[in-house]
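Chemist: Pasting a structure below so you can have a look.
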Amino acid sequence: MSASLEKGIRVLKEVIDAPIASYFNSCVHCGLCAEACLFYTETGDPKYTPIHKLEPLRRVYEQEYTLLGRLKKLVGLSKPVTDGELDQWQELVYNSCTLCGRCSAVCPVGNDIVYMVRKFREGMSVSGHAPEGIDEAVRRTVTLGSPMGIKLPAVQAQMKHAETNTGLAVPMDVEGAEYMVIMSSMEIINFPEYLESIAKIMHQAGKTWTLCSTGFEATNGGIQLGNSDLAAVIVSRIVEGAERLKVKTVISPECGHAYTALRWEGANLIGRPFTFKVQHIIEVLDEFRQQGLIKTEGFESDKLTFHDPCQLARRGGVIQQQRNLLNSVAKNFVEMPDAGFMNWCCGGGGGVTAIEEAEPLRLEAFKRKKSQLEAVKPDRLVTACAVCRSTLEEGLEHYSMDIPVVGLTELIADHLVETRPLPQKEPQA
Amino acid sequence: MNELQFLTWVRGPGLNIAIAIFLLGVLWRLFEIYSLGRKKDLSAPRHTSGASGLHTVFRRSLPPPGMLKRSPVSYIGGYIFHVGLAIIVFLFAPHILLITNLTGLSWPGLPSQFVDMTAVVTMAAMVVVLVDRINKPVKRFLSTFEDWFAWAVTFLPVLTGWMAVKHLLLPYPTMLALHILAVELLLVVLPFTKLFHAFTLFGSRWYNGRVNAHKGVPV
Numbered sequence: 117m118s119a120s121l122e123k124g125i126r127v128l129k130e131v132i133d134a135p136i137a138s139y140f141n142s143c144v145h146c147g148l149c150a151e152a153c154l155f156y157t158e159t160g161d162p163k164y165t166p167i168h169k170l171e172p173l174r175r176v177y178e179q180e181y182t183l184l185g186r187l188k189k190l191v192g193l194s195k196p197v198t199d200g201e202l203d204q205w206q207e208l209v210y211n212s213c214t215l216c217g218r219c220s221a222v223c224p225v226g227n228d229i230v231y232m233v234r235k236f237r238e239g240m241s242v243s244g245h246a247p248e249g250i251d252e253a254v255r256r257t258v259t260l261g262s263p264m265g266i267k268l269p270a271v272q273a274q275m276k277h278a279e280t281n282t283g284l285a286v287p288m289d290v291e292g293a294e295y296m297v298i299m300s301s302m303e304i305i306n307f308p309e310y311l312e313s314i315a316k317i318m319h320q321a322g323k324t325w326t327l328c329s330t331g332f333e334a335t336n337g338g339i340q341l342g343n344s345d346l347a348a349v350i351v352s353r354i355v356e357g358a359e360r361l362k363v364k365t366v367i368s369p370e371c372g373h374a375y376t377a378l379r380w381e382g383a384n385l386i387g388r389p390f391t392f393k394v395q396h397i398i399e400v401l402d403e404f405r406q407q408g409l410i411k412t413e414g415f416e417s418d419k420l421t422f423h424d425p426c427q428l429a430r431r432g433g434v435i436q437q438q439r440n441l442l443n444s445v446a447k448n449f450v451e452m453p454d455a456g457f458m459n460w461c462c463g464g465g466g467g468v469t470a471i472e473e474a475e476p477l478r479l480e481a482f483k484r485k486k487s488q489l490e491a492v493k494p495d496r497l498v499t500a501c502a503v504c505r506s507t508l509e510e511g512l513e514h515y516s517m518d519i520p521v522v523g524l525t526e527l528i529a530d531h532l533v534e535t536r537p538l539p540q541k542e543p544q545a
Numbered sequence: 107m108n109e110l111q112f113l114t115w116v117r118g119p120g121l122n123i124a125i126a127i128f129l130l131g132v133l134w135r136l137f138e139i140y141s142l143g144r145k146k147d148l149s150a151p152r153h154t155s156g157a158s159g160l161h162t163v164f165r166r167s168l169p170p171p172g173m174l175k176r177s178p179v180s181y182i183g184g185y186i187f188h189v190g191l192a193i194i195v196f197l198f199a200p201h202i203l204l205i206t207n208l209t210g211l212s213w214p215g216l217p218s219q220f221v222d223m224t225a226v227v228t229m230a231a232m233v234v235v236l237v238d239r240i241n242k243p244v245k246r247f248l249s250t251f252e253d254w255f256a257w258a259v260t261f262l263p264v265l266t267g268w269m270a271v272k273h274l275l276l277p278y279p280t281m282l283a284l285h286i287l288a289v290e291l292l293l294v295v296l297p298f299t300k301l302f303h304a305f306t307l308f309g310s311r312w313y314n315g316r317v318n319a320h321k322g323v324p325v
């Protein structure tokens, strides 16, 4: 047994807990989880059945934590997990799983399958069986600060840009601000309108906010790779930044996994509860709307539909807020079939977009989104996750569907009633 | 060993051994599984009504939206044979009598003709789900020896019991002895096969419900 495999198996033994033991003992091989998984429904290949993706983990459980399994191992009747097998499983654990959690939502015996995939990835990563693409992205985040290699000057350039475009100050490292805003690399590079929207919205809401020079990157590939040690390093930057600046709330941007990483895994990764609150930007916007802090005017008249990011809705519990917001600015908002809690993944979550060799499969799985969209034929597609957004754009282009994709935050910003004057424009007037 | 000696053995020592293995097996397996524990979730919880472990224990008994249509045989066949088995085991007068003798507990049963019909329907449903397991690529792909074996040890007690009541094939005492033996086999293997889901399903649903309820998501 190679040293890395030995380490991997040790990690697998560590992650196995009572829920996992209960889940493996409850599985009756009914295969209903396959019907919930877009990688199965769009390919028809049984190997993509979610519970099957966990077979090596199941065997480690059986061989290490059950009396019969230990006896079988003792007399040499059990099949040990090998490097070759884990290598083969890479495609099943990473390329064909976006951690969307639909399987966990349908299993009749109640198995939380995605919970197990997340834990299985810990062992895969340690034993060197994680895809290069995710692994490299995470290492770039640890060493350089972001998966795309973006450093502080790029953020500062983006800040200047936003200041020029909005006429508003974009604060950095302001101690005692109420909100600390973090961004995904995708937003820093590809979707600069996000930062501009935040500046406008915060100004109108009359809230103090700040960016943080030591914790600006929101994405955390560590949880997608399944490496809690690296994920903890990455999340600590935000935690330290937020505590240094004594902010009340950190706003997770339009990025699903960043939200999961900070909101649900963060405290567990660093081993203590946070001293600040974590909210997704959509939660904050809906709160502002409810409190009357921001008002919108005018309505989009074209047909809009909303793609629920899995980590925001099914895995994050934010389902109604985006609908309240959309209805406040759109006259013709229609829901796709299965929208909300049971929405289908775009196919790019869980690190899948970072795996180059997974692209053909991802585009195949996108047929599910395509048929959802064909059912409502929207003029535009709204979402609240930068990874969903770029995955959707790629998928739509691949299938020659002409549906522009927009972020919900910028859509709301477009309709803001600007009651407060722009401070920098006053002297000019 | 003649037929009567066989019947005497399965009703006496055989049954005692089987029940002992079953009870100790269940207790051991439950301990083995749930003593592993789990880490406390340190993230700030979100509270939503309808989201809890207990909610999910009940809610998961119904097919989630869209699933019935995707796999009707699994759901309908599954409901029929599970409810059928419960009726046969717990509401057939001779079975209640046995439980009364063992534990002192007693409750009214259903007319034997009704239970007889239930047995036929249950067996039919079990055959349908077996055929489905053979025909459906996913189910066939997932199936191991244990799946076929678990099906057989669940089916045999129903079949032999029904045949004993109907006086089919073999003399009543022999068929009854075979029926009891089949039940004993079921009791012995239940804690150590996937049939143990009869116990762990509650824990699994509860954990899933609890973990997601922490995020404010009713699953």
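Respectively, the protein sequence lines represent chains A and B. Heads up, the first sequence is in our numbering, so the first residue is 117 and it goes up one at a time. Heads up, the second sequence is in our numbering, so the first residue is 107 and it goes up one at a time. Don't be surprised by glycine CBs; every beta carbon is placed ideally from N, CA and C.
From what residue to what residue does the alpha helix (DSSP H) around Y156 of chain A run?
Modeler: Its alpha helix (DSSP H) spans residues 154-157.
Chemist: Have a look at A:T335, A:M264, A:R126 and flag the residue whose alpha-carbon is nearest the alpha-carbon of L378 of chain A.
Modeler: With distances taken between Cα atoms, L378 of chain A lies closest to A:T335.
Chemist: May I ask you to list, following chain order, the residues of the region 208-234 of chain B that have a beta carbon less than 7 Å from some beta carbon of chain A?
Modeler: Residues passing the 7 Å Cβ filter: none.
Chemist: Residue ranges of each alpha helix (DSSP H) run of no fewer than 4 residues wholly in the region 263-297 of chain A, ordered along the chain?
Modeler: Those alpha helix (DSSP H) runs which fall completely within the region 263-297 of chain A and span 4+ residues are 268-282.
Chemist: Taking a contact to mean a Cβ-Cβ separation below 8 Å, would you say V349 of chain A touches G382 of chain A in this structure?
Modeler: Cβ atoms of V349 of chain A and G382 of chain A: not closer than 8 Å.
Chemist: Under three-state DSSP, which class holds A334 of chain A?
Modeler: A334 of chain A: coil per DSSP, three-state reduction.
Chemist: Around the C-beta of I240 of chain B, are 16 or more other C-beta atoms found within 10 angstroms, so that it is buried, or is it exposed?
Modeler: Exposed.
Chemist: Contact between the region 209-229 of chain A and the region 175-183 of chain A is defined here as three or more beta-carbon pairs at a separation below 8 Å; is this criterion met?
Modeler: Contact between the region 209-229 of chain A and the region 175-183 of chain A is absent, because fewer than three Cβ pairs lie under 8 Å.
Chemist: Show which residues of chain B have a CB atom less than 9 Å away from the CB atom of M302 of chain A.
Modeler: Ordered by position in chain B, no residue passes the 9 Å Cβ test against M302 of chain A, which lies about 24 Å from the chain.
Chemist: Using CA atoms only, rank isn't needed, just tell me which of A:L508, A:P224, A:I317 is closest to H531 of chain A.
Modeler: Among A:L508, A:P224, A:I317, the Cα nearest to that of H531 of chain A belongs to A:I317.
Chemist: Excluding sequence positions up to five away, which residues of its chain have a Cβ less than 6 Å from the Cβ of T162 of chain B?
Modeler: Same-chain partners within the cutoff: R311, N314, G315, V325.
Chemist: How many Å lie between G267 of chain B and L307 of chain B at the Cα?
Modeler: Going by the C-alpha atoms only, they are around 27 Å apart.
Chemist: S155 of chain B touches chain A at which residues, Cβ-Cβ below 7 Å?
Modeler: Residues of chain A passing the Cβ test: none, with the nearest at roughly 12 Å.
Chemist: For the region 162-185 of chain A, which residues have a beta carbon sitting closer than 8 Å to at least one beta carbon of chain E?
Modeler: No chain E appears in the structure shown, which is made up of the protein chains A and B.
Chemist: Measuring only between beta-carbons, confirm whether Y210 of chain A sits less than 8 Å from chain B.
Modeler: Taking Cβ atoms only, chain B never reaches closer than 8 Å to Y210 of chain A, which makes this a no.
Chemist: Does H303 of chain B come within less than 8 Å of chain A when only Cβ atoms are used?
Modeler: At least one chain A Cβ lies under 8 Å of H303 of chain B.
Chemist: Assign W205 of chain A to one of two classes, buried (16 or more other C-beta atoms within 10 Å of its C-beta) or exposed (fewer than that).
Modeler: That one is buried.
Chemist: Measuring CB atoms only, is the region 151-164 of chain A touching the region 254-262 of chain B, in the sense that at least three cross pairs come out at less than 8 Å?
Modeler: Touching, no, given that fewer than three Cβ pairs across the two stretches are closer than 8 Å.
Chemist: Between I519 of chain A and the rest of its own chain, which residues show a CB-CB distance below 8 Å, the 5 nearest in sequence each way excluded?
Modeler: If we look at I519 of chain A and ignore the five residues flanking it on each side, its Cβ neighbours are L489, P494, D495, R496, L497, L512.
Chemist: Does the beta carbon of S142 of chain A come closer than 8 Å to any beta carbon on chain B?
Modeler: At least one chain B Cβ lies under 8 Å of S142 of chain A.
Chemist: Alpha carbon to alpha carbon, how far is L236 of chain B from G183 of chain B?
Modeler: Cα to Cα, L236 of chain B sits roughly 10 Å from G183 of chain B.
Chemist: In whole angstroms, what is the alpha-carbon distance linking L129 of chain B and L428 of chain A?
Modeler: Taking the straight line joining both Cα atoms gives about 44 Å.
Chemist: List, in chain order, every chain B residue whose beta-carbon is nearer than 7 Å to that of Y295 of chain A.
Modeler: Result: empty, since nearest Cβ-Cβ is about 16 Å, beyond 7 Å.
Chemist: Chain B partners of W380 of chain A, CB-CB under 7 Å?
Modeler: Those are S149, K321, listed as they occur along chain B.
Chemist: Just list the residues that DSSP pairs T365 of chain A with in beta bridges.
Modeler: Beta-bridge pairing links T365 of chain A to A:Y295, A:K393.
Chemist: Which same chain residues end up closer than 8 Å to A563 of chain A when comparing Cβ atoms and leaving out the 5 residues on each side of it in sequence?
Modeler: Any question about residue 563 of chain A goes unanswered here, given that chain A covers just 117 to 545.
Chemist: Verify whether the separation of the beta carbon atoms of I132 of chain A and L142 of chain B is less than 8 Å.
Modeler: Against a cut-off of 8 Å, the Cβ pair of L142 of chain B and I132 of chain A comes out as a contact.
Chemist: Which residues share a DSSP beta bridge with E416 of chain A?
Modeler: Answer is A:A446, bridged to E416 of chain A.
Chemist: So for R135 of chain B, helix, strand or coil by DSSP?
Modeler: Reduced to three states, the DSSP call for R135 of chain B is helix.
Chemist: Restricting to Cα atoms, I'd like to know which of A:V176, A:G200, A:G322, A:R255 is closest to L284 of chain A.
Modeler: Of the candidates A:V176, A:G200, A:G322, A:R255, the one whose C-alpha sits nearest the C-alpha of L284 of chain A is A:G322.
Chemist: Of all the CB atoms in chain A, is at least one closer than 8 Å to the CB of S310 of chain B?
Modeler: True, the Cβ-Cβ gap to chain A drops below 8 Å.
Chemist: Checking the sheet assignment: what are the DSSP bridge partners for F198 of chain B?
Modeler: B:L216.
Chemist: Does S247 of chain B have its Cβ less than 8 Å from a Cβ in chain A?
Modeler: For clarity, residue 247 of chain B is Phe in the given sequence; the question names Ser instead. So, interface residue.
Chemist: Taking L262 of chain B as part of the alpha helix (DSSP H), name the residues at either end of that continuous run.
Modeler: Note, L262 of chain B: alpha helix (DSSP H), 251-272.
Chemist: Give the DSSP-derived three-state secondary structure of G523 of chain A in the structure shown.
Modeler: In the structure shown, G523 of chain A sits in a strand (DSSP, three-state: E or B).
Chemist: If we ignore side chains and look at the alpha-carbon of each, how far apart do V503 of chain A and I139 of chain B end up?
Modeler: The straight-line gap from Cα to Cα measures roughly 38 Å.
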